[in-house]
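**Q** If you're matching positions, the sequence shown starts at 117 in the numbering used here and goes up one per residue.
Backbone N, C-alpha and C define an ideal beta-carbon position, used for all residues, glycine too.
Since we're looking at a predicted model, the values are computed, not measured.
Can you keep this structure in mind? I'll have questions shortly.
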Amino acid sequence: MYFDTHAHYDDERFNEDRDELLQTMAAAGISLILNAASSLESSKIALSLADKYPFIYASVGVHPHDAKDMTDNTAAELEKLLLHEKAKAVGEIGLDYHYDHSPRDIQRARFREQLELARHAKKPVIIHEREALPDMLDIIKDFTDLNGVVHCFSGSWETAKIILKMGWNLSFTGVVTYKNARKSREVVENIPSDRYMLETDCPYLSPEPVRGRRNSSLNLPHIAEFVAMVRGVSVEEVAATSMENGKKFFGII
117 MYFDTHAHYD
127 DERFNEDRDE
137 LLQTMAAAGI
147 SLILNAASSL
157 ESSKIALSLA
167 DKYPFIYASV
177 GVHPHDAKDM
187 TDNTAAELEK
197 LLLHEKAKAV
207 GEIGLDYHYD
217 HSPRDIQRAR
227 FREQLELARH
237 AKKPVIIHER
247 EALPDMLDII
257 KDFTDLNGVV
267 HCFSGSWETA
277 KIILKMGWNL
287 SFTGVVTYKN
297 ARKSREVVEN
307 IPSDRYMLET
317 DCPYLSPEPV
327 RGRRNSSLNL
337 PHIAEFVAMV
347 RGVSVEEVAA
357 TSMENGKKFF
367 GII
């Protein structure tokens, strides 16, 4: 049984078959899904999906792409959403200097604001980072009291060790199956067994051998198989370990 710890079923690419697809998950061995938010509106949709499906949980938060759209009231609105019993984390939040859809100073300010929200709400955080590693590390060092996961981790083992030393986790997507993902494979091989999770980040980042198609949680076994091969363990062990780690991280009983 698998836990997809980061998916986006609120995405419009699932509009035509969302319910039909989600109804196939149990039979395919996908027993838990965390729908990660990227805006105030997607936070609300994520919680509505969690209300509808017993196996779906949600995070709430504003992605750095949308940081420019946050107002001084957004954090208060997110805080209200966090009162929902299936709201398990703040995220995904962070920094993205690749696209710069929001000015960098605004990204940093709203990132800190949402980290403070998580601290106040006593919730873990889901971190997005792209081409902003120094600033991300500089900010999160002020929040070592939080429990966090850097999602879709594709950095070096040296970077991974810095994050792991904080007590935080890393999660891996289909990117680890790509031929040029040498750094990711080194991290997968060396990370302690109690510190990793698996995710699809669907509809993005489909793993080999289905790369290029719309992704879904049904492809999580491909990622697990690759991780198992790299770590030299069984697929069953990877599935069970990532399930246990994910449930512990998100506080799912």
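List the residues that DSSP assigns as beta-bridge partners of Ala174.
**A** Looking up residue 174 in the sequence shown gives position 58. BP columns for Ala174 point to Asn151 and Ala203.
**Q** Using the Cα positions of Asn296 and Ala143, report the straight-line distance between them to the nearest angstrom.
**A** Looking up residue 296 in the sequence shown gives position 180. Looking up residue 143 in the sequence shown gives position 27. Computed Cα separation, rounded: 33 Å.
**Q** To the nearest angstrom, how far is the alpha carbon of Leu211 from that of Ile222?
**A** Indexing the sequence shown from 1 puts residue 211 at position 95. Indexing the sequence shown from 1 puts residue 222 at position 106. Approximately 10 Å between the Cα atoms of the pair.
**Q** Leaving out the 5 sequence neighbours to the left and right, which residues in its chain are closer than 7 Å to Arg84 when beta-carbon positions are compared?
**A** Nothing can be reported for residue 84: it is not among the residues displayed for the chain, which extend from 117 to 369.
**Q** Can you list, in chain order, the residues of its chain with a C-beta nearer than 8 Å to that of Lys363? Leave out the 5 residues immediately preceding and following it.
**A** Stepping through the sequence shown from its first residue, residue 363 is reached at position 247. Correct list, in chain order: Phe119, Leu148 and Ile369.
**Q** Helix, strand or coil for Asn285, going by three-state DSSP, please let me know.
**A** Along the sequence shown, one-based indexing puts residue 285 at 169. Strand at Asn285.
**Q** Given a threshold of 16 other Cβ atoms within 10 Å of its Cβ, counted over all protein chains shown, does His236 qualify as buried or as exposed?
**A** Numbered from its first residue, the sequence shown carries residue 236 at position 120. When all chains shown are included, His236 counts as exposed.
**Q** May I have the straight-line CA-CA distance separating Val346 from Leu334, to the nearest angstrom?
**A** Counting from 1 along the sequence shown, the entry for residue 346 is found at position 230. Counting from 1 along the sequence shown, the entry for residue 334 is found at position 218. Computed Cα separation, rounded: 21 Å.
**Q** Using DSSP's beta-bridge definition, name the partner residues of Ala313.
**A** Residue numbering aside, residue 313 sits at position 197 when the sequence shown is read from its first letter. The amino acid at residue 313 is misidentified as Ala; the sequence shows Met. Note: Met313 sits in a beta bridge opposite Ser287.
**Q** List the endpoints of the continuous beta strand (DSSP E) containing His124.
**A** The residue you call residue 124 lines up with position 8 of the sequence shown. Note, His124: premise wrong, no beta strand (DSSP E); not H, not E.
**Q** Cα separation between Leu231 and Phe365?
**A** Counted from its first residue, the sequence shown places residue 231 at position 115. Counted from its first residue, the sequence shown places residue 365 at position 249. Looking at the two C-alpha atoms, the distance is approximately 16 Å.
**Q** In angstroms with no decimal places, state the Cα-to-Cα distance between Val176 and Glu305.
**A** Reading the sequence shown from its first residue, position 60 is the one you call residue 176. Reading the sequence shown from its first residue, position 189 is the one you call residue 305. Approximately 31 Å, taken between the alpha carbons.
**Q** Comparing C-alpha positions only, which one of Glu274, Ser164, Thr275 and Thr293 sits nearest to Arg327?
**A** Counted from its first residue, the sequence shown places residue 327 at position 211. Checking every option, the nearest Cα to that of Arg327 belongs to Thr293.
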